[in-house]
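S.K.: Numbering (full-length UniProt numbering), first residue to last: 1 to 157. Beta carbons are placed, not taken as given, at the ideal position from N, Cα and C, and that holds for glycine. All figures in this text were calculated on a predicted structure; none of them were measured in a lab. The structure follows.
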């Protein structure tokens with residue numbers, strides 16, 4: 001268990017050397033898992049959000065591809081990392097018409113949220129959060145999830 005905790009903590013603790021003299025550390029936003037919080041009213045969905053994000057929780061967010069390249073080439077990284085440059089992210093968000101359809105087909109009394117909308121974050125990392133959480137719906141029960149996910153007009157995880 002302790003080894004698991006150490007492995008997890010090393011994934012969250014991103015350390016690097018400045019790639020060049022005068023490097024602006026504010027260009028490195030941090031590890032995704034440290035850049036958001038779950039809104040209090042949705043705390044019951046923490047496990048679902050973890051599943052949605054998966055390995056992307058440990059990606060490193062930077063301002064642009066030049067910063068990412070400098071870190072990879074000269075940042076003396078201690079482990080292999082995936083870098084998300086904010087200026088290159090493509091938004092994979094679920095289209096509004098699909099969300100409407102999902103809400104129409106969910107069972108009465110069921111609850112459905114866009115994963116992206118139940119996390120809070122600093123506006124400057126919005127595109128990274130859309131990249132990590134934008135393509136997912138979160139449901140209150142497995143039954144709701146199955147009914148919504150497998151509906152031919154929805155087909156969203």
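Beta carbon of residue 59, beta carbon of residue 128: below 9 angstroms?
M.R.: Against a cut-off of 9 angstroms, the Cβ pair of residue 128 and residue 59 comes out as a contact.
S.K.: Quick one: any contact between the stretch 102-114 and the stretch 138-146, if contact means 3 or more CB pairs under 8 angstroms?
M.R.: Touching, per the Cβ criterion.
S.K.: In the DSSP assignment, find the alpha helix (DSSP H) that holds residue 49 and state where it starts and stops.
M.R.: Where residue 49 is concerned, the enclosing alpha helix (DSSP H) stretches over 46-53.
S.K.: With C-beta atoms as the reference, is residue 94 less than 9 angstroms away from residue 54?
M.R.: Result no, Cβ atoms of residue 94 and residue 54 do not sit closer than 9 angstroms.
S.K.: Return the first residue and the last residue of the beta strand (DSSP E) that residue 160 is part of.
M.R.: Shown here, the chain extends from 1 to 157; a query on residue 160 therefore has no answer.
S.K.: Using 10 angstroms around the beta-carbon of residue 152, count the other beta-carbons present and answer buried if the total reaches 16, otherwise exposed.
M.R.: Looking at its Cβ environment, which holds fewer than 16 other Cβ atoms inside 10 Å, residue 152 is exposed.
S.K.: Quick test of your reading: residue 81 and residue 29, contact by CB under 8 angstroms. State the CB separation rounded to the nearest angstrom.
M.R.: Their Cβ separation, rounded to whole angstroms, is 13 angstroms, which puts residue 81 and residue 29 out of contact at 8 angstroms.
S.K.: Cα separation between residue 131 and residue 27?
M.R.: If I take the Cα positions, the gap works out to 18 angstroms.
S.K.: Leaving out five residues before and five after residue 76 in sequence, what residues of the same chain have Cβ atoms less than 6 angstroms from its Cβ?
M.R.: Answer for residue 76: 17, listed in chain order.
S.K.: Whose CA, out of 24, 67 and 32, lies closest to the CA of residue 14?
M.R.: Considering only alpha carbons, the answer is 32.
S.K.: For residue 146, which residues of its own chain have a beta-carbon under 8 angstroms away from its beta-carbon, when the five flanking residues on both sides are left out?
M.R.: Excluding residues within five positions, none has a Cβ falling inside 8 angstroms.
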